[in-house]
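In the working numbering, the protein residues as written are 1 to 155. Beta carbons are placed, not taken as given, at the ideal position from N, Cα and C, and that holds for glycine. Below is one structure, written out as structure tokens; the observations come after it.
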């Protein structure tokens, strides 16, 4: 699994601070020019891993994020199509940098070294590895190079 710093995503840093001020975490931001318009997708998560994101949360973030993006992109509101959504209950983690957004959340990762899923709660992460708190082995640190895929655990 690759680690791509979220700060390298255009406009992510500026938008993440606006989303944080609203009480949420920006997980993913896509800004795609399309026929003179700009299509924006923002994925948000709760700062509290035990809480899910609802429609009211997405609406709240949409209202604070849209003016910021209008200013950053120098577009009018009519030129922007924006969607704000939750990560979903069965999200596949695509970028290892996302682990930091989900500290405290239960996940499973496919560890290439053991050729099996390792289940645990994200305790910490950096630019090279993630540490999971597991029931069986206590804390287990796995390098991103050893992770084939990672998913939320949905019961």
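Put simply, the backbone Cα of residue 29 is about 19 Å away from that of residue 1. Residue 142 sits buried, since 16 or more C-beta atoms from the chains shown fall within 10 Å of its C-beta.
For residue 33, the enclosing beta strand (DSSP E) begins and ends at 24-34. Under the three-state reduction of DSSP, residue 5 is assigned to coil, being neither helix nor strand.
Here residue 64 is near residue 22, since their CB atoms are less than 7 Å apart.
Residue 36 and residue 8 have their C-alpha atoms spaced approximately 24 Å apart.
Judged by DSSP in its simplified three-state form, residue 103 adopts coil rather than helix or strand. The straight-line gap separating the alpha-carbon atoms of residue 86 and residue 46 is approximately 9 Å. By a beta-carbon distance limit of 8 Å, residue 130 contacts residue 122. Their separation comes to about 6 Å.
Here residue 4 really is in contact with residue 95; their C-beta atoms are around 5 Å apart, less than 8 Å.
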